[in-house]
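Colleague:
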Ligand code: CP
Ligand code: NVA
């Protein structure tokens with residue numbers, strides 16, 4: 110496969126990237142992971158600076174991006190939004206213009222997706238979406254990489270997402286559609302994925318003849334699936350809805366009986382953090398089918414690939 114030049118490209122949504130570009134991330138991640146395991150340094154971004162803006166908490170995204178840029182020879186600046194002048198009313202556009210004069214890339218985790226779009230519109234350096242209320246593209250690219258590692262292929266597999274039709278489900282639909290994985294999303298009524306995202310993912314999936322389906326019955330979604338995926342029932346910023354959500358999602362727990370409805374060699378995935386006893390039981394997340402720790406590790410390798418390609 111010819112190398113594409115992705116320098117300067119924003120990663121706001123996987124939907125904006127072509128299948129070839131997504132595959133290039135996966136190939137680069139594979140190479141960087143191999144080098145890292147062999148103890149070979151890959152200083153592809155010597156001296157480059159990545160700003161990391163956070164208005165929401167994070168364990169994996171913050172630590173994996175910071176370690177990723179360091180391993181590539183660059184360095185990270187952690188920028189809490191409340192410490193920036195953004196918190197005192199400086200516009201996103203002005204912030205983007207100024208940060209573009211100091212940095213070589215920006216990773217941002219925040220609430221409103223349109224804020225990330227606005228930042229990217231005014232930045233002259235690549236902007237990477239580290240999660241918004243709408244999307245989580247770095248997670249989804251990591252997830253397809255992990256599926257490839259575990260299954261040895263992508264096209265024709267089926268992933269069942271059971272739970273909230275939220276940012277993680279949205280990006281998974283996009284990423285799976287780009288590589289020919291069928292996606293079934295099972296949610297309680299009222300928690301379905303965004304219909305515009307569903308129709309865009311369906312259009313991408315059509316190129317492969319694969320399918321994106323939204324349904325209500327978790328058992329039906331999981332039947333014959335190769336991958337069973339879930340996410341928290343209460344995403345960051347939705348804490349006030351905790352009690353009603355725990356009731357609405359009670360029948361959507363991934364436990365051993367739901368796991369049994371999938372293929373015998375199915376794997377269990379979760380973006381983490383997990384709320385054990387809610388969306389997943391201990392025996393599933395700690396069981397032999399769970400790949401969640403490899404999945405979390407792969408955030409590092411895949412984000413190194415993204416940084417090395419766009420910065
Ligand atoms: N999965 C994920 O993005 O984790 P953090 O919220 O810890 O970054
Ligand atoms: N849907 C979750 C994902 C956390 C990585 C949230 O937005 O809180």
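In this note's numbering, the protein residues as written are 110 to 420. Quick reminder that beta carbons are idealized off the backbone N, C-alpha and C, glycines included. Everything numeric in this text was worked out from a predicted model, so none of it was measured.
1) Could you pull the DSSP bridge partners for residue 216 from this structure?
2) Could you please give the first and the last residue of the uninterrupted beta strand (DSSP E) stretch that includes residue 295?
3) DSSP puts residue 378 in a beta bridge; with which residues?
4) Do the segment 272-286 and the segment 307-319 touch if we need at least three Cβ pairs shorter than 8 angstroms?
5) So what does DSSP say about residue 185, is it helix, strand or coil?
6) Quick check on the DSSP output: what are the complete beta strand (DSSP E) runs of length 3 or more inside the segment 125-169, in order along the chain?
7) Taking the C-alpha atoms as reference points, what is the distance between residue 158 and residue 176?
8) What did DSSP end up calling residue 120 once you bin it into helix, strand or coil?
9) Check residue 321 in the structure and name its three-state DSSP category.
10) Quick one: using the 10 Å Cβ neighbour count with 16 as the cut-off for buried, is residue 413 buried or exposed?
11) Measure the C-alpha to C-alpha separation of residue 202 and residue 392 and round it to an integer number of angstroms.
12) First and last residue of the beta strand (DSSP E) that includes residue 268?
Modeller: According to the structure shown:
1) 161 and 237
2) 291-295
3) 338
4) The segment 307-319 and the segment 272-286 touch, with three or more beta-carbon pairs separated by less than 8 angstroms.
5) strand
6) 158-163
7) Spanning the two alpha carbons is a distance of roughly 13 angstroms.
8) strand
9) strand
10) buried
11) 47 angstroms
12) 267-271
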